[in-house]
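One rule links them: number in this note's numbering = place in the sequence shown (from 1) + 11. Glycine included, every Cβ here is placed at the ideal spot set by N, Cα and C. Fair warning: this is a prediction, and the values are worked out from it, not measured in the lab. Working notes for the structure below.
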Amino acid sequence: MHNYWRAKANSSIGSGPLWQLYTEGFAQRCEHIILGKNTWHQATNDKDWLSWCEDYKSWLAAEFLRLVDAEKSVSPFFGSWFYIQGRKECGYFLGHELIKKFEANATIMEIALWRKEKVEDRFMSGLKSITR
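Structure (structure tokens):
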């Protein structure tokens, strides 16, 4: 959906850790909207994955920001072969939570068409607000 809408609007694709959080969170959110339920494939082999992510959401946001500030890879948040505190793919949860938050003031299509600068600004401020 995201890339389709962006292509139709002639919007460029960004890059970097905040862009990855945005696109992966957007994809997870669209999956939930399309299927009409919260599907967390990341929790398939870890039954308390979602509750752990919810309990540690503030820590996850702070850790993501720490990696961004240090210009280190955020791969541990997305790859199924990486772990953060024994959990995999927590970036999908974190990005999804931010997209849901932004839906309070924008449609999913409007969010899909945000410019790279707006994505970076909103996601940086959104992550900081979660850490408080």
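In the structure shown, I24 falls within a coil segment according to DSSP collapsed to helix, strand and coil. Rounded to whole angstroms, L46 and S62 show a C-alpha spacing of 21 Å.
In this structure the segment 110-127 does not touch the segment 80-99; the number of beta carbon pairs closer than 8 Å is below three. In the DSSP secondary-structure assignment, I95 is bridged to R98.
Only buried fits G102, as 16 or more other CB atoms lie within 10 angstroms of its CB.
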